[in-house]
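In terms of my numbering, the sequence shown has 361 at position 334, counting the first letter as 1, and numbering is strictly consecutive.
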Amino acid sequence: MLISLCLIAAIGLTLGWIGRRASLAPTDSADYLTLSHSLAAGHYRDEFRPTPPPHAKYPPGLPAWLLLTQTLAGGHLDAALVANFLLLLLLAYLTADILRRLGAPWLGVLAGSIVLVNPALHYLAGAVAPETLFATLSMLALWLTLANGSTLRVGHPTLAVAVAVLSFLTRSIGLATIPAVLVPLALGRRWKTFLVGGALSTLVVLGWFGYARRVALHTQGQTYAIDLVLIGSPKNPTNFVSEAVEKAKAHLANVGAGQFGIPDINHQPVDNAISGVLFLVFAGLGMWALRKQWPAAVAYIGFSAAILMVYPWHQTRFLTPLVPVITIFILVGVHWFARRARIGRPDLVAGALGLFLAGVGLSATATTAQEAWHCRVSSPAGNPRCDVEGHNGFRAAAVFIRDSLPREAVIATSKPAYIFLASGHPSLLLETSLRNTNPERQTTTIATYVLLTRLLAGEADLHGRALLARCGTVELTKQFPVGAVLVRPIATGERPTRNACAALGQLVARVPAEEAAPTH
């Protein structure tokens, strides 16, 4: 098994490394890096702000991991990405070994292979993002609940609970891992371990959310307070159920193409619906088949699905950490169905599906690697073909801000941590800064420049239209050719030397209709 996985790992990790981010992207990656620098200084603050407040949005797991990799291997971006791909390798091994322990070693090789070439997992491993660390910690916790496949027994219960808590401190959805690893303890009537583990993990969870609430009430540090208010706000039960159903349908339709790389027929939702329903059915059968041997994983999928349905925002990457567990359940479900239906050799049927998923994943990952290599060695940074995520305009603006603006400039932007890392300028989150751009009210927290881009859906539409409506109060500093505008608010009575109305109008006019509503 190890030899087979090593050969596949060599191919998959090579393609993943070629397809990795060539430079830091203007995403949440910058937030995690600034937080790791803050931890190195002995605190946990939003260092990009002019007066850094405490941070309570992202748990400290990934920043602590980044600090560890920086300490051991240096601060280069590639060091963090090497660590990610090593985690992906461990994740594949755990996936394969779980099926070996459950009595299906060759299905384990296929499942591990699927993980090693999965395009969604490679995409996140090639960036500074918490999903790879979170997926590995969650799978490690679930792996620890197995004891050589014994029914309703736990291999290392204390360690499993500890690792589950670490997964929560890496990503908030890791909350699902904690009760999942406690389920087999309850089923096995190991009440002392269950109560102690549950009590200690509850203290950690309540401690973090209590800290986040306190930060939200008393400072302007980043938190998930707004998200928690949206989750906890009273809703019509019918609307609540309909929203949950819509999120479930969206995730289900995205499983085949978005998570496993199955070719998608453009403008044709039927193929996605079919693959989603088939995956749901076979994963459900696999959960039923393993309900006694691996109850922790069954509970993990259930709790994770509940959180994804309640969480107010929907993104493809939220489902990606579940891919290894889903893969195991799908392969086991197909095998269980073929055996019950007396269809030839069940292992061959499940193996055929595993080879198909590994094949389409390898194809998608290879395509991504080829495109990334082409853009890295032969295409200019402004080539639209190499800017599918809209990052080039933001990068160009960051370089201009670094080289051309005075050191005391404060930038209002949708990605303040990135601007801070790329330019050294203190920055503010755009959502709360548009109303604080009056130079007559200068304080240490008022923006002196506003950067608008098309990086986020709704950014140019929402904030661009707000500034366009009063474009006479701002002066154009720089218009970038790839969808970004930098303006400077001017004092009452001051005449702008460069009118910003035309540039803001062009930015707003280029916003597609589907980007009109903000997403998270």
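From the three backbone atoms N, C-alpha and C, an ideal C-beta is built for every residue, glycine too.
So what does DSSP say about residue i, is it helix, strand or coil?
i: Ser-65; result: helix
i: Glu-74; result: coil
i: Val-512; result: strand
i: Gln-506; result: strand
i: Ala-496; result: coil
i: Pro-81; result: strand
i: Val-477; result: strand
i: Ala-439; result: strand
i: Thr-464; result: No answer about Thr-464 holds up, because its pLDDT of 49 lies below 50 and its placement is not dependable.
Straight-line CA distance for residue i to residue j?
i: Leu-534; j: Leu-513; result: 11 Å
i: Gly-388; j: Leu-494; result: 44 Å
i: His-82; j: Val-297; result: 43 Å
i: Ala-189; j: Thr-204; result: 10 Å
i: Leu-375; j: Thr-122; result: 20 Å
i: Asn-526; j: Gln-342; result: 38 Å
i: Asn-101; j: Ala-52; result: The sequence as given places Gly at residue 101; Asn does not occur at that position. Taking the straight line from one Cα to the other gives about 19 Å.
i: Phe-195; j: Gly-420; result: 34 Å
i: Phe-199; j: Ala-518; result: The amino acid occupying residue 199 in the given sequence is Ser; Phe does not appear at that position. Distance between the alpha carbons of Ser-199 and Ala-518: 43 Å.
i: Val-325; j: Thr-229; result: 21 Å
i: Gly-303; j: His-278; result: 8 Å
i: Ala-530; j: Trp-170; result: 55 Å
i: Leu-11; j: Ala-536; result: Nothing about residue 11 can be reported from this structure: the residues present for the chain run from 28 to 547 only.
i: Ile-156; j: Asn-299; result: In the sequence as displayed, the identity of residue 156 is Ala instead of Ile. Roughly 27 Å separates the two Cα atoms.
i: Leu-478; j: Arg-366; result: 60 Å
i: Ala-36; j: Arg-47; result: 16 Å
i: Lys-219; j: Ser-269; result: 40 Å
i: Ser-50; j: Gly-153; result: 10 Å
i: Leu-214; j: Cys-402; result: 53 Å
i: Arg-241; j: Gly-201; result: 21 Å
i: Gln-97; j: Ile-446; result: 21 Å
i: Ala-511; j: Ser-331; result: 37 Å
i: Leu-151; j: Glu-158; result: 7 Å
i: Leu-482; j: Ser-441; result: 8 Å
i: Leu-42; j: Glu-398; result: 11 Å
i: Ala-239; j: Glu-486; result: 26 Å
i: Trp-235; j: Pro-86; result: 8 Å
i: Ala-423; j: Glu-502; result: 19 Å
i: Ala-226; j: Ala-436; result: 48 Å
i: Ser-65; j: Tyr-71; result: 5 Å
i: Leu-335; j: Thr-524; result: 49 Å
i: Gly-329; j: Leu-186; result: 22 Å
i: Phe-221; j: Val-232; result: 16 Å
For the alpha helix (DSSP H) containing residue i, list its first residue and its last residue.
i: Val-109; result: 104-128
i: Ile-446; result: 443-450
i: Ile-45; result: 29-45
i: Ala-530; result: 528-536
i: Ile-205; result: 204-214
i: Ala-518; result: Here Ala-518 belongs to no alpha helix (DSSP H), and DSSP marks it neither H nor E.
i: Thr-98; result: 88-100
How is the beta strand (DSSP E) around residue i delimited, first residue to last?
i: Ser-454; result: 454-456
i: Ala-226; result: Not the beta strand (DSSP E): Ala-226 falls in the alpha helix (DSSP H), residues 218-245.
Spell out whether any CB of chain D is found under 8 Å from the CB atom of residue i.
i: Gly-532; result: Although the question refers to chain D, the structure presented lacks it and comprises just one protein chain.
Do residue i and the ligand NAP come close, with the Cβ less than 7 Å from some heavy atom?
i: Ile-30; result: In the structure on display, the ligand NAP does not appear, and there are no ligands present to speak of.
Q | Runs of alpha helix (DSSP H) wholly within the stretch 357-419 (minimum 4 residues, chain order) | A | 373-405
Q: Evaluate the contact criterion for the stretch 343-356 versus the stretch 106-113: three or more CB pairs, one atom per stretch, below 8 Å.
A: no
Q: For the stretch 308-367, list the alpha helix (DSSP H) runs that are entirely contained and at least 4 residues long, ordered along the chain.
A: 322-337, 350-367
Q: Give a yes or no on contact between the stretch 357-370 and the stretch 305-312, applying the rule of three or more CB pairs nearer than 8 Å.
A: yes
Q.
Assess contact between the stretch 422-430 and the stretch 501-519, defined as three or more Cβ pairs (one per stretch) separated by less than 8 Å. Is contact present?
A. yes
Q) Should the stretch 130-147 be called in touch with the stretch 89-96, which here means at least 3 C-beta pairs below 8 Å? A) no
Q: Only counting runs of 3 or more residues, tell me where the beta strand (DSSP E) segments fall wholly within the stretch 128-187, in order along the chain.
A: none
Q) Pairing CB atoms from the stretch 390-403 with CB atoms from the stretch 365-382, are three or more of them under 8 Å? A) no
Q.
Would you call the stretch 72-86 in contact with the stretch 447-458, where contact means no fewer than 3 C-beta pairs closer than 8 Å?
A. yes
Q: Inspect the CB distances between the stretch 54-66 and the stretch 159-167 and report whether three or more fall short of 8 Å.
A: no
Q. Are at least three pairs of beta-carbons, each pair with one atom in the stretch 285-292 and one in the stretch 133-152, less than 8 Å apart?
A. yes
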